[in-house]
Amino acid sequence: MCYFIVTRGNCQDILTNTTKDSSLNLTPKQIESYTTSIDKKAASISKQVEKANTKALKDLQQQEEKLQKKLAKVDSNLAKQVFANSSDRLQQLTDKLQQKTSKFNQLQTLTSSKDYLPLVDTFATSLKFLEGKLDASGLTNQATKALSSVKGLESQLQNATEIKDYIQQQKQAIQAAFGQYNLGSSLQSFNKQAYYYQQQIQEYKQLLKNPDKLEKRAIAELTKSAFFKDFMQHNSQLASLFPMPQGYGTAQALAGLQTRASVNQILQSRLGTIPSTITSGGGQSPQSYLQQQIQQGQNQLNALKEKINKAGGSSSDLNMPDGFKPNTQKTKRFLDRLEYGLDVQTQKQNSLFPLTSDIGFSVGYKLNDNNSFGIGASYKMGWGSGLDHIKLTNEGIGLRSYLDMKLKGSLFISGGYEQNYQQRFGSIGELYRLPQGNWRQSALLGLSKKIPIVKNKTSKVQILYDFLCKQNHLQTQPLVFRVGWGM
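Our numbering puts the last residue of the sequence shown at 490; the count rises by one with no breaks.
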């Protein structure tokens, strides 16, 4: 999403005008919240990208040393040739990571980077604007601090781009050399490490493509100011890369350009009417025929893009994996790999318990896209003996663990170990003095079906068999049926 229109000019008058602009429609508190939010976000992502860059260079050096030794055993000269400059290049990239400030200008950043991030550009340019418009020194200092964090983030992203370019170049050279001696299988570790690094960088870039609610509101308010719009039009990274000619939009700038009517006339004279043998119907005008061809080409591009997305690649920066199936969870943050669940199990009334419902909560960790494990707890609530005698009671608690393994499609093999305390208690304080002998063990195994509801949310139906149902002091039903929800 881009928030500005690109033009070219001189805005020195805006920079020198430090009087407060009432048209900003932002209170000091909103400005402070906006700059603080950007500062924290940029600093946090910058730190994560720096950590990923450092680890990638360390791993690359270890991988290349192993590959060089392996290739040297069959062709020492070729090994020296392929890895001649790798150590120096890796050291240069490592040294650059130690530089905390950016040493390249905006145009160089955009020129060398294939993935332009409009939100980062908007952040940087809006902070520059606020630096020149604020009167309060505290807010000015906060804007300067946030701008420094954004610049640091840009620097780390540039480092990531250079590391990615090095990986691609080195990968081609290594594959060509190892292919001569049928040693391609030796490159799997290198390919995995290269793929997961690039995927991890893409995860961080995704965080920079959409502003949060607070940032979006502040940007919307800023864009209402004519001063800010003009500043963005002259000082953004995109404006420096794609400058508009002077006098853009004026009659002088349009002098000498062909009108739409003249273009249509030229097409008609050159192409005439498209024959019916080419089109599906009768004769067709050149304009309609060109529009039809453009639409067909766009449909083909969309179909190709959908195939690429299904294969796991959503960006040109991300190379397709070689010789292995990637684990898309591997590069996600720990919190992003957690899954949360809620399930309910109802049991009818018997001689020992009233009508009860077991309400379970769980937190799991995704090992990969198909397997996960986790822990949880449950609470057994009694409903009474019928509609004419409803009474809510505390009938027990439980501790759980589980493991889900994908079988096929939305069907999973599920198992788990549980301990349940099935005795009525009156208050939370009694839970600290529970007798050990009243805990019942369960070893469960069965099937689960997960049904998507909305984005990142699913319903879950389970049928499990309890292998320890007969070994407990109070024998229970062997089959357990649960309905739950997860996210």
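Ideal Cβ positions, reconstructed from N, Cα and C, are used throughout, including at glycine.
Predicted model only: the values in this text are computed from it and were never measured.
Which listed residue (the options) has its alpha carbon closest to that of residue i
i: Q488; options: F470, V464 and P481; result: The residue asked about is misnamed: residue 488 is Trp in this sequence, not Gln. That would be V464, whose Cα lies nearest to the Cα of W488.
i: M384; options: I400, Q332 and H392; result: I400
i: Y169; options: A127, S228, A223 and A59; result: A59
i: H237; options: K154, F132 and L341; result: F132
i: V77; options: I393, K460, A180 and F364; result: A180
i: L150; options: N374, S40, S404 and E165; result: S40
i: T125; options: K69, E165 and T38; result: T38
i: N374; options: L358, Q426, Q332 and L81; result: Q332
i: L122; options: Y199, K208, G387 and D62; result: K208
i: A221; options: I34, Q474 and P481; result: I34
i: N330; options: G135, Y200 and Q172; result: Y200
i: Q66; options: L406, Q303 and S90; result: S90
i: E134; options: F234, Q298 and R336; result: F234
i: T57; options: I166, N80, A139 and L304; result: I166
i: D407; options: L395, I466, R436 and Y435; result: I466
i: A242; options: L395, Y119 and R436; result: Y119
i: S228; options: K61, D346, K136 and G300; result: K136
i: Q240; options: K216, G182, K43 and K154; result: K154
i: K69; options: Q296, L434, L186 and L395; result: L186
i: L490; options: R263, L338 and H392; result: The residue asked about is misnamed: residue 490 is Met in this sequence, not Leu. For the residues R263, L338 and H392, the minimum Cα distance to M490 belongs to L338.
i: D42; options: L156, G141 and A264; result: L156
i: T164; options: E224, L142, T226 and Q202; result: Q202
Whole-number beta carbon distance between residue j and residue i, since they are thought to touch under 8 Å
i: F484; j: Q352; result: With 8 Å as the limit, F484 and Q352 do not qualify as a contact, their Cβ atoms being about 17 Å apart.
i: G429; j: N397; result: 7 Å
i: S152; j: S49; result: 7 Å
i: A45; j: I204; result: Wrong, their Cβ atoms sit about 16 Å apart, outside the cutoff.
i: N162; j: K99; result: 6 Å
i: Y424; j: N441; result: 6 Å
i: E218; j: T334; result: About 25 Å; that fails the 8 Å criterion.
i: S413; j: K452; result: 6 Å
i: V266; j: L160; result: The Cβ separation is near 41 Å, so there is no contact.
Proximity test, residue i beta-carbon vs the ligand HEM heavy atom, cut-off 8 Å
i: K394; result: The model depicted lacks the ligand HEM and carries no ligand whatsoever.
Contact under 9 Å by Cβ, residue i with residue j
i: F231; j: S129; result: yes
i: R195; j: F327; result: For the record, residue 195 in the displayed sequence is Lys; it is not Arg. In contact: K195 and F327 (Cβ atoms closer than 9 Å).
i: Q101; j: S158; result: no
i: F415; j: L448; result: no
i: S417; j: L370; result: no
i: L402; j: G379; result: yes
i: G344; j: F364; result: yes
i: K409; j: D372; result: yes
i: L74; j: Y184; result: yes
i: Q474; j: Q444; result: yes
i: Q350; j: L341; result: no
i: P455; j: Y468; result: no
i: Q64; j: A82; result: no
i: Q31; j: A139; result: Before going further, note that residue 31 is Pro rather than Gln in the sequence given. In contact: P31 and A139 (Cβ atoms closer than 9 Å).
i: V486; j: D361; result: no
Identified DSSP bridge partners for residue i
i: K411; result: L414
i: N267; result: For N267, which the question treats as bridged, DSSP gives no partner whatsoever.
i: T396; result: G385
i: F428; result: N397
i: N423; result: G401 and R443
i: Q465; result: S451 and R485
i: I378; result: V366 and S404
i: Q145; result: Paired residue(s): none; Q145 is not in a bridge.
i: S341; result: The question names Ser, but residue 341 in the sequence shown is Leu. Paired residue(s): Y368.
i: T359; result: Q350 and G385
i: V457; result: K460
Between the region 202-220 and the region 94-101, can you find at least three pairs of beta-carbon atoms closer than 8 Å? no
Report yes or no: do three or more beta-carbon pairs, one from the region 188-196 and one from the region 77-88, lie closer than 8 Å? no
Three Cβ pairs or more, each shorter than 8 Å: is that satisfied between the region 174-188 and the region 139-158? no
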